[in-house]
RNA sequence: GCCCCGUUAGCUCAGUGGUAGAGCAUCCGGCUUUUAACCGGUUGAUUCGAGUUCGAUUCUCGGACGGGGCACCA
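Residue numbers (this note's numbering): 5 to 860.
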């Protein structure tokens, strides 16, 4: 006959099986997720207001373009933000987490042409659809702050900001060669045509000369660079990309007098020290002096033909031609220091828009000039030799240009100087002669912000025959976008064909005038939208000063790497202008930047409509539930790297949630005592046996690990792994411990498990919180504090090595000294066997971890 | 060509100057029929070479492979 204990155990097991079969309901995300989403919304749980006592945390994800549908890649982005938002709230911060729509842009016009739908209607229906998809993920946005950049209430302030730029002299209209995308039929800013292709559609851009509006972002080049140094929590690669794009280079502008009093050709160089090696000048075909240079020379017609052949070639076309081309102009110039007479060439490799559109050709010390000189039989003269070279290498035998710094030769009074010293000395002499100026040049060009398109914010300017460009008075904003413009897709602004829009009066003289028919680059909307969230319904200011002093800057910004230069540089520029106006605190808008990776298709290919491999949010949530989708996407890899979609992976997430579901509901009675004590189970969680000590160790280690991870590095995948590991430990305890449900440590573990899970799987955590009798939302609980004492162990397994190889393990109390551990180790059989017939030479002891016995 | 990052189990990812973990997959058993949403268990790994060290998956150097950025900007 079995004893009382055995009987009880057997009975307990049977009862447990019966109750689990009868009482535990199925986990149904399709039921609980909409339920909680509705309750949270009714309770207005995630709406944020300024607080006098709580510290703020402004968390932002880049606002999406409302293209119609969201897939699981977008879900990853929003989930990442949501986990952080929920965690920060539990940490006691006042979290602002808004969402909105970058609603102006080309696809709406394309859709209008293709389907005969008005861009506004198309955009509105897409927004409605996408908003519902984002809500289905269980995201905790404050929807009362939603913005739509295409609404007059919003674009009124985009126009206001244009006027601010104009007033500050930062907006101007000019004729220039521009990038033109033949597919999208629009001009593009330089950043938007990187690599010679349209950033949106990848089509090769063409070159067109047009009269357009620009912002003087180049005036802020140095400040944009300097600010990067202070952005410690930005990914290094984004900063590198911005630095490369701005492309600052220090040098000097040198003036070469042209023969016969035609004037002078200015060149920019970073290598003044190589001036004596200049054997030609190379100018771009667009150089303004060119017509005068060739006038009267027999070479004139050849030069004109060459320039004409390049006229429509973009920078990329010209520079990608492997071979450098050029034609002699027939003109000569004089070296400002040596007085040497050198020929002037027109070439395809000098960029008209950079520097002065002219360079001095120093073939011996510049690879491009070297290639060109070889091709065209131009003299190559060495003027810099390597510091350690005994003699000057013969120029005719050089395999390539020597581009490093060195020691000057063949440079008159400057010979024997180092390159660096020569640059200083030669620049000083040139300045004294009036033939040179120290200069800083940038690759960055001014930002082209006008677009000959319909679906954008109209530029609030009026063209008066008498007063030229006159800004629309602020009181007349917004300049409304008329609904009835003909959208045909042909070039030219659609607004031009709407007389009721175009015809107006000049605010200055009252005479008849016309409006600027162009609209603004949508990157303007996204350059300031994050400030509008702060007081989205304010009709008097773009953002309230009180709100901006509390919330700005954005503490944590999440978005794709594709905006490393584009949106993130434009926004920084805007913010610095606004800082100069005293309209925002600080001068950087985004303190911490995080670039999330992509979700790829199951075969590691990019997920896109054209691949036909997209998995929509609706579909994924319907099939698996939002919590499983969230858990899978957070677990599948570190947030910054790409990972492939995996149906088995998401099934794994479901399994994990089901395990928690069963575990918590099966052991729900365990939580009752601590509910009666007002949730203070943690303090009563003192362990009474070894298993409880182990369980508490695990629980508190996980609290610390997950909290640290979310505070700092944000590798959310490791947090999910830690939760899985905790489930294993809790499960093991329940299976092995006879009175699990009476153990305070176990109750603490279950409760903690739910709290740790809450940011990741908010619905199931909330549902179980309620089902286990807790009051209030789990999302308004405090993040648990870990007990440092629980992280200490009574007994530690110290590894024993012999000659660096693991041979055994001994149990020791923490802090045991070397000799005591050695005494214990010697009697371990596997260790003793290794020590036989050997002399112990040395002991290496790492306290509480390891003893290595070196013996031979 | 230059610069940066990475390479851990079959797959996707953790981790550590000293015992290498998770999920999925595999295999075994249970449950019974779940048709890529059951339970328990099992197998299984540090890219290569050299160096530093008592001990290297971890640190250093070099190679291979993969990813990213820059590339006529004077």
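Backbone N, C-alpha and C define an ideal beta-carbon position, used for all residues, glycine too. Predicted model only: the values in this text are computed from it and were never measured.
Note to self: Taking a contact to mean a Cβ-Cβ separation below 9 Å, would you say residue 859 touches residue 90 in this structure?
What the structure shows: The Cβ atoms of residue 859 and residue 90 lie no closer than 9 Å to each other.
Margin query: If I measure Cβ to Cβ from residue 713 and keep anything under 7 Å in the same chain, skipping five residues before and after, which residues do I get?
Written below: Contacts found: 719, 722 and 723.
Notebook entry, point to check: CA-CA distance, residue 836 and residue 810?
Noted result: Between residue 836 and residue 810, the C-alpha separation is close to 13 Å.
Note to self: List, from N- to C-terminal side, the alpha helix (DSSP H) runs of 4 residues or more that fit wholly inside the segment 406-476.
What the structure shows: Segments of the alpha helix (DSSP H) lying fully in the segment 406-476: 423-437.
Notebook entry, point to check: According to the neighbour-count rule (16 or more other Cβ atoms, all chains shown, within 10 Å of its Cβ), is residue 34 buried or exposed?
Noted result: Burial state of residue 34 is exposed, judged by a 10 Å Cβ sphere holding fewer than 16 other Cβ atoms.
Notebook entry, point to check: Per DSSP, what kind of secondary structure is residue 196 in: helix, strand or coil?
Noted result: Here residue 196 sits in helix by DSSP.
Item checked: residue 223 - containing alpha helix (DSSP H), residue span -> No alpha helix (DSSP H) contains residue 223, which DSSP labels as neither H nor E.
Next item on the list: Find the nearest neighbour of residue 368 within the set 358, 362, 382 and 356, judged by alpha-carbon distance.
Entry: Ranking the options by Cα distance to residue 368, first place goes to 382.
Note to self: Once the 5 residues before and after residue 687 are set aside, which same chain residues still bring their CB inside 6 Å of it?
What the structure shows: In this prediction, residue 687 has a pLDDT of 47, which is less than 50 and means its spatial position is unreliable; what the coordinates show is noted afterwards. For residue 687, there are no CB contacts under 6 Å within the same chain when 5 residues up- and downstream are skipped.
Next item on the list: May I ask which residues mark the beginning and end of the alpha helix (DSSP H) holding residue 828?
Entry: That run of the alpha helix (DSSP H) goes 822-830.
Notebook entry, point to check: Taking the continuous beta strand (DSSP E) assigned at residue 518, which residues delimit it?
Noted result: Residues 516-519.
Checklist line | Where residue 619 sits in the DSSP three-state scheme | finding: Coil at residue 619, not helix or strand.
Notebook entry, point to check: Hey, out of 223, 412 and 209, whose CA is closest to residue 277's CA?
Noted result: Nearest C-alpha to residue 277: 412.
Checklist line | Proximity to residue 2 [Cα-Cα], best of 52, 219, 827 and 580 | finding: Residue 2 lies beyond the residue range present for the chain, which begins at 5 and ends at 860; the question has no answer from this structure.
Checklist line | Three-state secondary structure assigned by DSSP to residue 190 | finding: In this structure, DSSP gives residue 190 an extended state, which the three-state scheme calls strand.
Next item on the list: Might you give, ordered along the chain, the residues of its own chain that have their beta carbon closer than 6 Å to the beta carbon of residue 49, omitting 5 neighbours on each side?
Entry: The beta carbon of residue 49 sits closer than 6 Å to no other beta carbon from its chain once the five residues preceding and following it are set aside.
Check: Any idea which residues DSSP pairs residue 810 with across the strands?
Finding: BP columns for residue 810 point to 805.
Margin query: In the DSSP output, which residue or residues are listed as bridge partners for residue 331?
Written below: According to DSSP, residue 331 shares a beta bridge with 350.
Item checked: Cα-Cα separation, residue 352 to residue 306 -> One C-alpha to the other measures close to 14 Å.
Item checked: Runs of alpha helix (DSSP H) lying entirely within the segment 737-763, each at least 4 residues, in chain order -> Listed in chain order, the alpha helix (DSSP H) elements of length 4 or more contained wholly in the segment 737-763 are 748-761.
Notebook entry, point to check: Roughly how many angstroms lie between the CA atoms of residue 343 and residue 257, to the nearest whole one?
Noted result: Taking the straight line from one Cα to the other gives about 17 Å.
Notebook entry, point to check: What's the C-alpha gap between residue 208 and residue 259?
Noted result: One C-alpha to the other measures close to 36 Å.
Next item on the list: Out of 715, 426, 225 and 333, point me to the one whose CA is closest to residue 279's CA.
Entry: Ranking the options by Cα distance to residue 279, first place goes to 426.
Check: Does DSSP put residue 649 in a helix, in a strand, or in coil?
Finding: Looking at residue 649 - three-state DSSP - the assignment turns out to be coil, as it is neither helix nor strand.
Next item on the list: Just the C-alpha distance for residue 414 and residue 440, rounded to the nearest angstrom, thanks.
Entry: Roughly 21 Å between the two C-alpha positions.
Notebook entry, point to check: Where residue 303 and residue 332 are concerned, what is the direct C-alpha to C-alpha distance, given to the nearest angstrom?
Noted result: Each residue's alpha carbon lies about 7 Å from the other.
Item checked: Beta-carbon gap between residue 348 and residue 356 smaller than 9 Å -> Not a contact, by the Cβ cut-off of 9 Å.
Notebook entry, point to check: Over what stretch of residues does the beta strand (DSSP E) that includes residue 559 continue unbroken?
Noted result: Residues 558-563.
Next item on the list: From the DSSP output, in three-state form, read off residue 58 for me.
Entry: Secondary structure of residue 58 (DSSP, three-state): coil.
Check: What is the DSSP secondary structure of residue 74, reduced to helix, strand or coil?
Finding: For residue 74, the three-state secondary structure derived from DSSP is coil.
Checklist line | Proximity of residue 518 and residue 485 at Cβ, strictly below 9 Å | finding: Between residue 518 and residue 485, the CB-CB gap reaches or exceeds 9 Å.
Next item on the list: Could you tell me the boundaries of the alpha helix (DSSP H) in which residue 250 lies?
Entry: For residue 250, the enclosing alpha helix (DSSP H) starts and ends at 240-250.
Check: Should residue 43 be labelled buried (16 or more other beta-carbon atoms within 10 Å of its own) or exposed?
Finding: In summary, residue 43 is exposed, with fewer than 16 beta-carbon neighbours lying within 10 Å of its beta-carbon over all protein chains present.
Note to self: Whole angstroms are fine: how far does the CA of residue 86 sit from the CA of residue 99?
What the structure shows: Their backbone Cα atoms lie some 11 Å apart in a straight line.
Notebook entry, point to check: Are residue 366 and residue 492 close, meaning C-beta to C-beta below 9 Å?
Noted result: The Cβ-Cβ distance between residue 366 and residue 492 does not fall below 9 Å.
Notebook entry, point to check: Is residue 290 helix, strand or coil when you go by DSSP?
Noted result: Secondary structure of residue 290 (DSSP, three-state): coil.
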